[in-house]
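Numbering (our numbering), first residue to last: 332 to 614.
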Amino acid sequence: MNRYHLILKQGGSRAADALVNAAANRGDATVLMRQAVRDDPKSALALISLPGEQSGLTNVGRGRVLDFVMAEFPDPEQAREMVEQAILHEDRVAILAAHGDLPHAAADVLSLDDVIAAMLHEVEDVKESRHLTEDDYYLSVMLRCGIVKAWAFKLKDREDYEELLNRPIDGDLTIRDMVLISIATENGVYGEEVMVMLDEDDPEPFGDELTNDMFENLGINPEEGRERLVTLFKERVLDEITEDMIHMAKATIAEAHRIVDETPSVTRDVAQEAAAIASASDL
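This is the structure we're talking about:
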């Protein structure tokens, strides 16, 4: 047993700061904290389960520490069971959503319901940040599809990925449909020109714009993907998409990534306390 076992057991801001530093591989404490987490995962998960004002961790920080804890338990079923027992569903969703579509080991292990709920949580957060109204319907569609496609890329190695693709999340539209819409629009396939080619029964209405790898990189059969896109176009799902909407959606998603990257792992109070301790040590 080392001193980090005691720090972890006591919880609070000191444990939060120590876990964050260990997760970021800062200092010599990482190895010692890993041992403490392996011996006492319940204390680490109990800290993560608390809201920010009690744990000292932001949701982004909770996610970073959660990845650190789960890495010590390579059996995904064991890791998932421990997390589900310790952390409420709504908190798991908030933690996953805070990371968005950026790499996050917990998203590969937690349940499909948790992951999809987190995906939709991020969609709503981004829409709120843009103050979208009913008049912004097609921009809203572009945002949803862009976010869902990015999440799909992150999740494509899950064993239940096909089930994820088939989940309806917006009326009759499935996650697969949203991924396909994003593939098409991001590569310039939208608008009246496509409709004209479809009306003329062009055997290859998408030309060379949509290559096989664009579908395969997201775990979708290219032929089936193109067939479904034809149906979506004929159902007039993409009638009023514009280039400005596509650019605005991309910029909004990029801004969401920047915010996650710049979000500290600990709350301001914990950061100030850690700085004060460090200053006192220097003296």
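We put the beta carbon where it would ideally sit given N, CA and C, even for glycine.
{"Asked": "If distances are taken between C-alpha atoms only, which option among His578, Leu511 and Ala483 comes closest to Arg557?", "Found": "Leu511"}
{"Asked": "Is His336 near Ala360, with beta carbons less than 7 Å apart?", "Found": "no"}
{"Asked": "Skipping 5 residues on each side, what residues in its chain have a beta carbon closer than 7 Å to that of Tyr492?", "Found": "Leu486 and Gly550"}
{"Asked": "Determine the extent of the alpha helix (DSSP H) in which Ile506 is found, giving its start and end residues.", "Found": "Ile506 to Glu517"}
{"Asked": "Given Glu453, which residues of its chain have a CB within under 7 Å of its CB, disregarding the five upstream and five downstream residues?", "Found": "Ala428, Gly431 and Ile478"}
{"Asked": "If you draw a straight line from the C-alpha of Glu571 to the C-alpha of Ala483, how long is it?", "Found": "25 Å"}
{"Asked": "If you run the structure through DSSP and keep just helix, strand and coil, what is Leu388?", "Found": "strand"}
{"Asked": "Quick one: what's got a C-beta closer than 7 Å to Asp370's C-beta in the same chain, skipping five residues either side?", "Found": "His336"}
{"Asked": "Which of the three DSSP states, helix, strand or coil, is assigned to Ile500?", "Found": "strand"}
{"Asked": "Just the C-alpha distance for Met615 and Met413, rounded to the nearest angstrom, thanks.", "Found": "An answer regarding residue 615 cannot be provided, because it is not within the stretch 332 to 614 covered by the chain."}
{"Asked": "From Glu523 to Asp444, what does the alpha carbon distance come to, in whole angstroms?", "Found": "37 Å"}
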